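First the structure, in the form of structure tokens, and then the observations on it.
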Amino acid sequence: MYGKRDIPFRYEDETVLLEASEEKGLLKYRRVTSMKDSFEKTIITSSDARIVVNPVEPVNLPKKVTNYLEIEFPPLVMAPNDQRTIHLTFPLEIGVIVFGNKDMKAIDIFSYCPQKYSLYGPAGGGLITKWHRSDLYQDLPVTDRLCEGILNLRIQNKTSEWQNVSRVVLDGYAMKIYFSSEAVRMFARMKLMTSTIAETEFQSVTSHRDVLQKSIELYHTLNIPKLSRVFTMEWGFD
Amino acid sequence: MFEINSSAIMESTFYGSVTFGQIITFFAVLIIAIIIAKFVTINLERGLKDKVSKNHLNLVSKIFYYAIIVIGLVIALPNLDIDFSGLLVAGGVLGIVIGFAAQSVVSNLISGIFLIFEHPIKIGDNVLIDDVHIIVEDIRILSTIGKTFDGIYVRIPNEKVFTTNIVNYVANIARRFEYDVEIRYADDAGKAIAIIEDLIDKEPFCLKNPGSSVYVDQLASDGVMIKVRMWAPSEVWWDVRTTMLWRIKVAIEAEGIEIPFPQRTLWLPEFHELMTRGSPAREKGLPLQQESDTGARPVSPHEVLSGMKLFKDSTEGQGSSQNGNS
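Going down the list, the protein sequences come from chains A and B. When we follow the numbering used here, the leftmost residue of the first sequence carries the number 1, and every step to the right adds one. When we follow the numbering used here, the leftmost residue of the second sequence carries the number 1, and every step to the right adds one.
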């Protein structure tokens, strides 16, 4: 399903029909899923527009109210000054993005996953987060590739105490999503600074470049490669 | 025939040593400053629209707008031969005069400045100020502008906004709301709670944390009262609040659980008791059992009512016959 396509196009599999075709002189985009859910939009462009279908930051559905993704997992206890990479799952949202005249626009975002939101921190000053519960995996898990992606999370305990960890909050404005024919992946790091504060940031993939293709991001920050965007979890991670 | 000597006009004095040319220069600089200020603020708003909140963007653009105009004024004023030291003294005196003359205006102005820095309300907030429920549309230097839910324009002086109690319904990022759902005594409250909890779990905007709370709150006169409390993001809480109640009603009714109507259970004496009241047996002091042994049975409310009519008729008859006898 994922990839670049010239207009007009038609893609169909057992779960979805995606189509952009000309009707009465107008370009119509149409999506029908196996859940009998359908969507239609008219596109007006005089240039040679292209359409990209790929996983996008999972913070848009059913309506965008936050940029943050929170993943809750079975609690783990981590030794002082230790580090370990674990695997979690994250919810997938699939974006249909139209490119033309040097700009892009998401014309449709859909998902096969149930959606849920949560509050991280206090009601006054905290954050609304897109919430997802994941199991904890040592190795790469087998997931429903339409519904869940795999987050590779490196946890570093920088404190001199044992720490309980059961959640990670990630900033959608710095998400880097990769996909291959098998799975959708993200790579992130979580640094436990004190017993209540942790830093999280996404990491770019340097290896597996030939297998993993980078998704088009909907939410951009300044594109300064050396400047990473760190999110501080200041209301705990237990 | 006539030749206009423009240089002479420009050099002719208007007042003191200020020439027409200098006055034109003064206004030209001022107009240019206004144009630049407009240009800068429009571009600033366009550029930062997606990156900065509407409230901060409004404040920043106002600061830029007035700063550019003040700079233009400072550049333009020397054309009018204005001595700034004199202006400061005059300004001070003028300030005192204006302060006394326009106390409420100054009070509103200062309140406005404090409101901008304290920002208890933001543009777009849903607030209750001095018993007026509005959506804030603009926070100006002298007043706050809002719109009621009926679409009516409201202007509240900043002094009032600053000194009165403000209830900001969306200042916190999430808020809780609740319903009372009543079911019949004959229904299973545990099942109803499970259905409601499942519905809350499936609704994306009913927050996972803080969790919802669904419990039997009251054994009320007409049924069992279930309290349903849930949290939602402030941005969408009204949509969630207005949709969830009906969904709860539909879901529990689909499982055979009903919402009771107000009801009263009437316990009426049995028919034979009604009939025996005032009967010859009672008057003679005979035990009622003796009469009930003669065929008394439980009766329907309809029979009781018709019996009451009969009883009334018979007593009336008795009364009249007694009266007749006497």
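Note that beta-carbon positions come from the ideal geometry of N, C-alpha and C, so glycine has one too. Quick caveat, the model's predicted, so the values are computed rather than measured.
* Inspect the beta-carbon positions of Cys206/B and Ser213/B and report whether they are closer than 8 Å. => no
* Roughly how many angstroms separate the alpha carbons of Val127/B and Asp210/A, rounded to a whole number? -> 54 Å
* Within the stretch 187 to 212 of chain A, ranges of the beta strand (DSSP E) (whole runs, at least 3 residues) -> 198 to 202
* Start-to-end residues for the beta strand (DSSP E) that takes in Asp149/A -> Reading off the sequence, residue 149/A comes out as Gly, not Asp. Counting along the chain, the beta strand (DSSP E) containing Gly149/A begins and ends at Glu148 to Asn157.
* To do: Tell me, please, which residues DSSP counts as bridged to Ile86/A.
  => Leu153/A
* Whole-number beta carbon distance between Arg184/B and Pro260/B, since they are thought to touch under 8 Å -> 5 Å
* Asked: Anyone know if the C-beta pair for Ile107/A and Ile43/A falls short of 8 Å?
  -> yes
* Would DSSP call Phe149/B helix, strand or coil? -> coil
* Asked: Is there contact between the stretch 170 to 184 of chain A and the stretch 193 to 210 of chain A, where contact requires at least three CB pairs shorter than 8 Å?
  -> yes
* To do: Would you list, in sequence order, the uninterrupted beta strand (DSSP E) runs of no fewer than 3 residues that lie entirely inside the stretch 157 to 210 of chain B?
  => 166 to 168 and 174 to 183
* **Same chain, Cβ closer than 7 Å to Asp187/B, five either side skipped, listed in chain order** => Ile257 and Glu258
* So Gln103/B is in the alpha helix (DSSP H); what residue range does that whole segment cover? -> Gln103 to Glu118
* Asked: Taking Cβ positions only, does Ile173/B come closer than 8 Å to chain A?
  -> yes
* Asked: Got a sec: is the Cβ-Cβ distance from Glu199/A to anything in chain B below 8 Å?
  -> no
* To do: Report the three-state DSSP secondary structure of Asp125/B (helix, strand or coil).
  => coil
* Asked: Going by DSSP, what residues sit across from Arg30/A in a beta bridge?
  -> Glu19/A and Glu40/A
* For the stretch 186 to 200 of chain B against the stretch 150 to 168 of chain B, are there 3 or more C-beta pairs whose distance is under 8 Å? -> no
* Between the C-alpha atoms of Lys249/B and Ile94/A, what's the straight-line distance to the nearest angstrom? -> 33 Å
* **Rounded straight-line distance, which links the Cα of Ile82/B to that of Thr19/B** => 13 Å
* Asked: For the alpha helix (DSSP H) that Ile24/B lies in, which residues bound it at each end?
  -> Phe20 to Leu48
* **Reduced DSSP category for Trp267/B - H, G, I as helix; E, B as strand; rest coil** => coil
* Whole-number beta carbon distance between Ile68/B and Ile36/B, since they are thought to touch under 8 Å -> 6 Å
* Asked: Can we count Ala20/A as close to the ligand MN, meaning its CB is less than 7 Å from some heavy atom?
  -> Summarising the ligand content, the structure contains no ligands, and the ligand MN is consequently not present.
* To do: Give a yes or no on whether the minimum CB-CB distance between Glu159/B and chain A is below 8 Å.
  => no
* Is Glu93/A helix, strand or coil by DSSP? -> strand
* To do: Rank Ser181/A, Ile216/A, Ala198/A and Ser21/A by C-alpha distance to the C-alpha of Arg145/A and give the top, closest one.
  => Ser181/A
* Does the separation of the CB atoms of Ala249/A and Val98/A fall below 8 Å? -> With chain A running from 1 to 238 in the structure shown, residue 249/A is simply not present.
* Asked: Whose C-beta lies closer than 8 Å to the C-beta of Asp293/B among residues of the same chain, with five residues either side of it excluded?
  -> Because the pLDDT at Asp293/B is just 47, under 50, the model does not fix this residue reliably, and the value given afterwards should be weighed accordingly. Taken in chain order, the list of residues that qualify is empty.
* **chain A contact for Val328/B (CB, 8 Å cutoff)** => Past the boundaries of the shown model lies residue 328/B; chain B is included only from 1 to 326, so the question cannot be answered.
* To do: Below 8 Å CB to CB, which residues in the same chain sit around Leu61/A once its five sequence neighbours on both sides are set aside?
  => Glu93, Ile109, Phe110, Ser111 and Gln115
* To do: Let me know the secondary structure DSSP gives Leu107/A once reduced to three states.
  => It is worth fixing the name first, because residue 107/A is Ile in this sequence and not Leu. Residue state, collapsed to three classes: strand.
* Give, in chain order, every residue of the stretch 99 to 114 of chain A whose Cβ lies closer than 8 Å to some Cβ of chain B. => Pro114
* Asked: With a Cβ-Cβ cutoff of 8 Å, do Asp125/B and Val136/B count as a contact?
  -> yes
* Can you tell me the Cα-Cα spacing of Met1/A and Gly149/A, whole angstroms? -> 15 Å
* Asked: With respect to the beta strand (DSSP E) encompassing Glu234/A, which residues constitute its N-terminal and C-terminal limits?
  -> No beta strand (DSSP E) holds Glu234/A; DSSP gives it neither H nor E.
* Asked: For Val65/A and chain B, any beta-carbon pair shorter than 8 Å?
  -> yes
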